[in-house]
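>
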Amino acid sequence: MGSVINAVSPYFVLIIAMEIQLDVSMLEPCEPLEQVLEAIGKLASGDYLRVFHRREPHLLYPMLEKCGFSWQCLDDSSGGYEIYIWKSGDVTAARDVAAATP
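Just so you know, we're using my numbering here: the sequence shown kicks off at 140 and counts up by one.
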């Protein structure tokens, strides 16, 4: 029960329950950072962002911390990374991320 938003752009956003997926793995540098920062600004209480990236975005982490977000980064089976991002202190989102990750 998800929907694709902005299918014309070079990335996609898929909404499944309270998980918002953002694939930035094919974007050029700076675009993934910009897309993630835009997406986290739209997170509601209980929501979390699951980002698919070809690199670990080390420059993003201090920005997330400064903006009041928590994150968890995992290597995926394809050699890329999955980054889970939620508002710090959001118990529901943190619980859902813990349930969704190994």
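In this text, a Cβ means the ideal position worked out from N, Cα and C, and glycines have one as well.
Since the structure is predicted, the reported quantities are computational estimates derived from the model, not experimental observations.
Closer than 8 Å is the cut-off here; do at least three beta carbon pairs connect the stretch 214-228 with the stretch 177-191?
Flag = yes, the stretch 214-228 and the stretch 177-191 touch.
> Return the Cβ separation of G185 and T240 in integer angstroms, given the expectation that the two are a contact with Cβ distance under 8 Å.
So it is not a contact: roughly 17 Å between Cβ atoms.
> For the alpha helix (DSSP H) containing K205, list its first residue and its last residue.
First-last of the alpha helix (DSSP H) with K205: L199 to C206.
> When the Cα atoms are used, what is the spatial distance from E158 to R194?
Between E158 and R194, the C-alpha separation is close to 21 Å.
> Using the three-state DSSP reduction, which class does V163 fall into: helix, strand or coil?
Looking at V163 - three-state DSSP - the assignment turns out to be coil, as it is neither helix nor strand.
> Between the Cα of C169 and the Cα atoms of K181, L198 and L161, which residue gives the shortest distance?
Considering only alpha carbons, the answer is L198.
> In three-state terms, what does DSSP make of D235?
D235 falls in the helix class under three-state DSSP.
> Taking DSSP's pairing of strands, which residues face D214 in a bridge?
DSSP, once it has assigned bridges, lists Y220 as partnering D214.
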